Amino acid sequence: MSDPSRPTDSGTAPPITAAAGAGASDAARTACVLLVDDIPSNLRVLYESLNGRDYRLLVANGGAQALEIAQRSHPDLILLDIMMPDMDGFEVCRQLKADNDTADIAVIFLSALDDAADKIHGLELGAVDYVTKPFHPEEVAARVEAHCKILRLERELAQRNRQLELVRDRILSSMVEAVLGLDAEGRASFVNPAAERLFGLGNECLLTRELSDWEPAALRQSILRVLAEQRELSLDELALPRPDGSTVPVELRAAPIADAAYPAGVVVVLRDLSERRRVEAKLHRTSDELSRSHRELQAAQMQLVQAAKLESVGRLAAGVAHEVKNPLAIAQLGLDYLEQVSCADAVSCQVLADMQQALSRADTVVRGLLDFSRERALHLKRGDINDAIHNSLRLVRHELTQRNIAVRTTLAEAIPERPVDADKLRQAFLNLFMNAMHAMEHDGTLAIHSSLCTLASDELGPHARDAGFLPGDRVIRIAIEDTGPGIDPDDLGLLFDPYFTTKRQGEGTGLGLSVTRNIVTLHGGSIELFNRPAGGACALLLFHPEAVDVGTAPRSREALLRDRTERQRNTDR
Amino acid sequence: MSKKKILLVDDEPALTRMLRLNLEQTGRFEVREENHGNNALRAAREFRPDLIFLDVMMPDVGGDEIAEQLKQDPALSGIKYAFLTAIVTKRETGTGAAEISGETFLAKPVKREELLAVVDELLGA
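Listed in order, the protein sequences are those of chains D and H. Oh and the first sequence: position 475 is 475 in the working numbering, straight run, nothing missing. Just so we're on the same page, the working numbering is the position in the second sequence counted from 1, plus 1000.
In structure tokens, the structure reads:
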């Protein structure tokens, strides 16, 4: 900053021939003013008007020199004489304004010309003010001061703007959400880095997009709606296509740019939902797994409870049965003896007959107990389930006829043979037929259907599910329907519990259905009881056409003994 | 025709008594009761029955053991015998007696007619 031509502010005479000013001024600092006049005395007056104030002053004595200094030193303001021999002030101004480097320099014309046309001409060329000679130094100083103040404010404003823009850019850059600024035609005017990442496109590509380029259609429609209605809008989810063909789930918020001073537009904010969706899906899966394992645990627990109950009931039953059998035997033989030796009168005979019947009932109960305690293993041979149905029916047909109960059987011939324990199945069906008979008491119809069919999902009950049946399975389906009063809804859950009975004292042991379910389960099958819409109850049994391995419980000594019995009987036949 | 002799071995005196009454009532049998398993063989040697009914489960000695000893005693091995048991149920034996490993079983509670049918069968009457 040691330019020799630089005027000093020491109060000495200005260097009239000074060729150039000092270095570039700083907006925040002292304003730099270039004084241009071809007449040295005028320059001196100007110089003195402004000297001693807070300016840096440069001088030029002609138009060409003024342009040269303007380009080199870039003053903030030029006081420009119009009438100069080498180049008049208008031309200097025109050239200044034509040059990008100097166009922003404020120009105040100084001239003796006092013509409105000249003033207008000067202002049209881009001057900010006009002072006519002869002028008062105070007026010049006041005008210069006023313009410098304007310049300072403008620069501060510009700087503030730049800072605000920086802050805005930083905010937009650091946003997780993608932000798009669109103009009224739907063209992007700004995008933030998150938008580039979300769209998978560079900003040069996004910034050339037209309205019709925005995908999916929901995004285009949202932009149009916001422009048309000038209201905010949000979409919970839309699928944003990416260049690789995939889509990203995003949440959309779009708002009109509401400032009346700016042209209409839309700001679109897109939030990437894929992470949230992933977490939600994971949560869902975890919750599904939890509730499934909860259900499985519950089922397992129920099975354990049931198994424990059966086990303890079974053991108790066997013990009781054995203890009861000896007294029963004594009473039986005693009665038989009495019937032989003394049947003196009708009343005594009736008493003996009643006692016989009571004994027979007691024996039935005891046998039921033993059967129940022994449902642990099967003796499988290939056989037809229809045969078991026929054989069981044969045992009750007489009583059914007596009770005026009709039997309707529709047994499919196509049912394949499969491994069955014929005796056990016969017992199971017998129990079901007896139940139906007791439910109807007198008059009615016992209908028995068997078929090989595809399992419908509405016939898949809880027991069937536990037994591993699935909708669409090929199954042997057996339905036993009665026309009795049906099952009390309160009892539905208890039917298969050991010792649950709705029958009169002495008619049932409460073990029939429990035994039946056990037998069916051991065959890998299932049984459900429900009320028919038409009235009456239905027992629905399902079996796999081929045996599935259901596992057999450890066999007791008793079972082994029984095995021997079976083998013996089979070889004896 | 001399009466056939039947020995009843069961720890329940009431049961052997009922069996005896039913058998004697036919007038065709001479019956003796024995309520201690341990005494069964001695009773058999003294009484020389044609047929012995043995309870399978008795507190001192099981009917199956007694049967083994009967078979091993040459003096007694010709005697027919059948088991009375509470273990095998009627459903399993069908009606009347069942043969298990060649032995005859009668399931309690036994009826008079079943009892007589088994006796007739074993004694070839």
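Just so it is clear, CB atoms sit at the ideal spot from N, CA and C, and this is done for glycine as well. Quantities reported herein were computed from a predicted structural model and do not represent experimental measurements.
Less than 8 Å separates the beta-carbon of N1022 of chain H from that of L333 of chain D. In this structure, the beta-carbon distance from V131 of chain D to H147 of chain D does not fall below 8 Å. In the pairwise beta carbon analysis, the region 428-444 of chain D is classified as touching the region 403-417 of chain D: at least three pairs are separated by under 8 Å. Using a C-beta cut-off of 8 Å, the region 486-497 of chain D makes no contact with the region 442-454 of chain D, since fewer than three inter-stretch Cβ pairs fall below that distance. The Cβ neighbour count for Q427 of chain D, taken over all protein chains shown within 10 Å, is at least 16; the residue is labelled buried.
With 16 or more neighbouring CB atoms inside 10 Å of its own CB, D336 of chain D falls in the buried class. Bounds of the beta strand (DSSP E) holding N531 of chain D are S526 to N531. Chain order gives no chain D residues near Q1069 of chain H, where near means a beta carbon separation below 7 Å; the closest approach is about 21 Å.
In the DSSP assignment, D169 of chain D falls within the alpha helix (DSSP H) that extends over P137 to S174. Along the region 321-348 of chain D, the positions whose C-beta sits under 7 Å from a C-beta of chain H are H322, K325, N326, L328, A329, I330, Q332, L333, G334, D336, Y337, Q340 and V341, read in chain order.
Boundaries for A194 of chain D: no beta strand (DSSP E) harbours it, while the alpha helix (DSSP H) harbouring it runs P193 to F199, taken from the DSSP string. Here K97 of chain D is near A103 of chain D, since their CB atoms are less than 8 Å apart. Closer than 8 Å to the CB of R1032 of chain H there is not a single CB belonging to chain D. One alpha carbon belongs to G122 of chain D, the other to V92 of chain D, and they sit about 11 Å apart.
The beta carbon of D488 of chain D does not come within 8 Å of any beta carbon belonging to chain H, so the residue lies off that interface. Of the other Cβ atoms in all chains shown, fewer than 16 fall within 10 Å of the Cβ of Q298 of chain D; this residue is therefore exposed. At a cut-off of 8 Å, the C-beta of D466 of chain D has no neighbouring C-beta in chain H. In the displayed model, D384 of chain D falls within coil according to three-state DSSP, outside both helix and strand.
Taken atom to atom, the span from the alpha-carbon of E1033 of chain H to that of A1107 of chain H is near 19 Å. Burial check for P75 of chain D: the Cβ neighbour count within 10 Å reaches 16 or more, so the residue is buried. As computed with DSSP, S111 of chain D is found in a beta bridge with D:T132.
In terms of Cα proximity to Q71 of chain D, the closest of D:L352, D:P193 and D:L58 is D:L58. Using a Cβ-Cβ cut-off of 8 Å, L1019 of chain H is close to L333 of chain D, given in chain order. Put simply, of D:L522, D:A217 and D:L110 the residue whose alpha carbon is nearest the alpha carbon of A464 of chain D is D:L522.
Collapsing the DSSP output to three states places T483 of chain D in coil. By the rule that beta-carbons nearer than 8 Å mark a contact, D354 of chain D does not touch chain H. Following the DSSP letters along the chain, one finds E204 of chain D in no beta strand (DSSP E) but inside the alpha helix (DSSP H) bounded by residues N203 to L206. DSSP places H121 of chain D inside the alpha helix (DSSP H), whose first and last residues are A116 to E124. Within a 10 Å sphere around the beta-carbon of N42 of chain D sit 16 or more other beta-carbons, which makes this residue buried. Within the region 1004-1015 of chain H, the residues whose Cβ lies closer than 7 Å to any Cβ of chain D are, in chain order, E1012, A1014 and L1015.
Residues of chain D whose Cβ lies closer than 8 Å to the Cβ of V1110 of chain H are, in chain order, A329, Q332 and L333.
With respect to A64 of chain D, L34 of chain D sits apart: the two C-beta atoms are not nearer than 8 Å. If you keep only unbroken alpha helix (DSSP H) runs of at least 4 residues inside the region 217-244 of chain D, you get 217-229. Taking the C-beta atoms as reference points, D1064 of chain H is found no nearer than 8 Å to D1010 of chain H.
Here I330 of chain D carries a helix assignment [DSSP, helix/strand/coil].
The contact set of N1022 of chain H on chain D, defined by CB atoms closer than 7 Å, consists of L333, D336 and Y337 in chain order.
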